[in-house]
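Undergrad: Numbering (the working numbering), first residue to last: 930 to 1053.
#1: Between the segment 959–974 and the segment 991–1007, do three or more beta carbon pairs fall short of 8 Å?
#2: Counting along the chain, where does the beta strand (DSSP E) carrying residue 1050 start and finish?
#3: Give the DSSP-derived three-state secondary structure of residue 960 in the structure shown.
#4: According to the neighbour-count rule (16 or more other Cβ atoms, all chains shown, within 10 Å of its Cβ), is residue 992 buried or exposed?
#5: Leaving out five residues on either side along the sequence, give the residues of the same chain with a beta carbon under 8 Å from the beta carbon of residue 997.
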């Protein structure tokens, strides 16, 4: 039987770790546990998100096959959260596969450094 692993952290390459940690601290409420020019982190006490400086990192375009990962976040009010996250520096790409004639299943945003994340409604 394979040894089961528990997720400790997720690391994200970016050009400004301190700024990206501050952005995701606002989005998630996770505490900023480390913040320097080369490296920063947020954590809920169990799982952490690390941000490491990669000066030449280029954001992906959306949509494209270059996307390597994205976060999915659940919120009580998608439209309100999207407006707040855009006010914090996120952008809302034109292509929105989660918005259909039947309603909004999720909205794709890009954080201030171009990483994609989805804002999803709470499950009923």
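For glycine and all other residues, C-beta sits at the position ideal for the given N, C-alpha and C.
TA: Inspection of the coordinates gives the following:
#1: Result no; under three Cβ-Cβ pairs closer than 8 Å.
#2: For residue 1050, the uninterrupted beta strand (DSSP E) segment begins and ends at 1045–1050.
#3: In the structure shown, residue 960 sits in a strand (DSSP, three-state: E or B).
#4: Under this definition residue 992 is an exposed residue.
#5: Spatial neighbours of residue 997 in its own chain (CB-CB distance under 8 Å, excluding positions within 5 residues in sequence) are listed in chain order as 989.
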